[in-house]
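*Asks:*
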Amino acid sequence: MKLLYTCAVDLRNFDAQRTHIVEMMRILHESGHDVQLILPQFGDHPVKLPFPNHPIPVRLGNSRLKFVEYEIRLLRVLWQICRRRRPDVLYTRKGFLTLCPNWVGKLLGIRSVVEVNGIVADEVGEAFGLPPLLRRFFAIMERMCCRGADHLVAVTPGLKDLLEERYRVSAENITVVPNGVNTRMFVPGQRVGKSDKTLGFVGNLVRWAGVEVLIKALPAISESHPEVRCLIVGDGLERENLTRLAADLGVADRVIFTGKVPPPEVPALIATCDICYVPAIPGRNSRIGGSSLKLYEYMACGIATVVSDIPGLNIVGSEGVGRVVPAGDAAALAAASLDLLACRENLREMGARARRLAERQFSWHRATREVLAVCGGFQTIEADLLT
């Protein structure tokens, strides 16, 4: 299958967006599909990637208008590439604007599939405190993108429902394909001789991630486990607030902020943890539900988890791989943590079940097969790539 993938993502950042794009493209390339990624290039040097790609230099790299510039440049590049080597499908990860792929697809008669990972109008408005007029602008752009595509891929059922309700996209034009995990990279680690108790979070430090709930639970947990520490892997807008909160609660010496960490180092950090967390708070998460990369990575590493009672995360309780607690409830999170820490054998059993579940249901190979099916070019991935 010949697939041209476009994204408006800065792949210099080691985050969930990069993981999703790189993992899917890597699998497509390794399985023999003719794929190419078109992406923005911020800075003097293109990002090194293990598959064919076409970076588009963006001069306004430090400006909020950088993605507007990229969208303008993308139109010309996409048109030229599609005329030169016509793809079977234009596959796009939706960003702030993301209109060009649909336009080019319609003009040249190429199928356009758009992947939706969230409601940009809500996320951008909340993150940057945009006024209503600008939020309305992003909503209009988003509606045009979603309605202009031949098909949408949504990462959660809740997001699919929102796209139907808000943008009037018909249900048959949306397919839900949850996120995944690289089960070769994320594997259980050795924990021999470990005496302390480590609680972990991996991800972007944004308000809706709910990391403050975990920090608020630390005083109660540390009363029973004075040796406990909290490892927070990642960075984001909320880091300063979280650092201040830890100091105010008197647990600053127990919280370790690693900042951004290269992906190859993340599995080893997860493996040091006794319990990992997805403490997502209500609001955005309740509306779109969860398809959490961090949860699948925890499970693949064989770690028990505590998650919020958010649609999409309840599998933790139903599959017996951790605990589900009310979203935003620090006391409940502390109680669940103490219950799990009371028996290491239970933690080991939950971790083993979590690993099996990740291998069975949440690999990136599974997600990529489903995306290929949506694109109308499903081909069996070689058996050796599925292990």
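Residue numbers for the sequence shown follow my numbering, so the first one is 482 and each next one is one higher. Idealized CB from N, CA, C, for every residue including glycine. Fair warning: this is a prediction, and the values are worked out from it, not measured in the lab.
(1) Who are I791's beta bridge partners in DSSP?
(2) Helix, strand or coil, according to DSSP, for C824 in the structure here?
(3) Closer than 7 Å to a non-hydrogen atom of the ligand GDP - does that hold for the CB of D525?
(4) Which of helix, strand or coil does DSSP assign to V528?
(5) Hey, could you find the ends of the alpha helix (DSSP H) G639 is sitting in?
(6) I believe I769 touches A727 by the beta-carbon criterion, under 8 Å. Please report the beta-carbon distance rounded to the nearest angstrom.
(7) What did DSSP end up calling R804 once you bin it into helix, strand or coil?
(8) Can you tell which of L819, E596, E653 has the C-alpha that lies nearest to the C-alpha of P707?
(9) Excluding the 5 residues flanking D496 on each side, which residues of the same chain have their C-beta closer than 7 Å to its C-beta?
(10) Which residues mark the beginning and the end of the alpha helix (DSSP H) in which L546 is found?
(11) Enumerate in chain order the residues of its own chain whose CB-to-CB distance from L611 is below 7 Å, with the five nearest sequence positions on each side excluded.
(12) Just mark N543 as buried or exposed, buried being the case when its beta carbon has 16 or more other beta carbons within 10 Å.
(13) Does the distance from the CB of L643 to the CB of I655 come in under 8 Å?
(14) Leaving out five residues on either side along the sequence, give the residues of the same chain with a beta carbon under 7 Å from the beta carbon of A733.
(15) Okay, do the region 783 to 796 and the region 750 to 758 touch, 3+ Cβ pairs below 8 Å being the bar?
(16) Who does H632 pair with in a DSSP beta bridge?
(17) Assuming L484 and L509 are in contact, meaning their beta carbons sit under 8 Å apart, how far apart are those beta carbons, in whole angstroms?
(18) Suppose the cutoff is 6 Å on Cβ atoms and the five residues either side in sequence are ignored; what does the same chain contact list for N583 look like?
(19) Report the CB separation of R574 from V490 in whole angstroms; it is logged as a contact under 8 Å.
(20) Using 8 Å as the cut-off, can you tell me whether the region 710 to 719 makes contact with the region 734 to 748, which would need three or more C-beta pairs spanning the two stretches below that distance?
(21) If you draw a straight line from the alpha carbon of E504 to that of N663, how long is it in whole angstroms?
(22) With DSSP run on the structure shown, which of helix, strand or coil describes K483?
(23) In the structure shown, what three-state DSSP assignment does T573 receive?
(24) Just the Cα atoms here: how many angstroms apart are E778 and V687?
(25) Enumerate, from N- to C-terminal direction, the unbroken beta strand (DSSP E) stretches of 3 or more residues contained entirely within the region 656 to 694.
(26) What does DSSP give as the partner residues of C488 in its beta bridges?
(27) Measuring only the C-alpha atoms, how far is G771 from A635?
(28) By alpha-carbon positions, which one of A812, K587, C626 ends up nearest to L699?
(29) Provide the residue span of the beta strand (DSSP E) that contains L520, from first to last.
(30) Excluding the 5 residues flanking R847 on each side, which residues of the same chain have their C-beta closer than 8 Å to its C-beta?
(31) Could you give the distance in angstroms between the alpha-carbon of C824 and the alpha-carbon of P659?
(32) How close, in whole Å, do the beta carbons of Q517 and N534 come, if the pair is a contact with beta carbons under 8 Å?
(33) Beta-carbon separation of E938 and C581 under 8 Å?
(34) Less than 8 Å between C-beta atoms, sequence neighbours within five positions excluded: which residues of the same chain meet that for G857?
*Replies:* Once the coordinates are examined:
(1) None; I791 has no bridge partner.
(2) coil
(3) The ligand GDP is not part of the structure shown, which contains no ligands of any sort.
(4) coil
(5) 638 to 648
(6) Rounded, the Cβ-Cβ distance is 29 Å, inconsistent with contact.
(7) strand
(8) L819
(9) N685
(10) L546 -> no alpha helix (DSSP H), and no H or E assigned at all.
(11) V605
(12) exposed
(13) no
(14) A727
(15) yes
(16) V594
(17) 7 Å
(18) S593, G629, A630
(19) 7 Å
(20) yes
(21) 8 Å
(22) strand
(23) strand
(24) 19 Å
(25) 678 to 683
(26) R574
(27) 11 Å
(28) A812
(29) 515 to 522
(30) G661
(31) 32 Å
(32) 6 Å
(33) Here the chain has residues from 482 to 868 only, and residue 938 is not among them.
(34) D569, V570, R592
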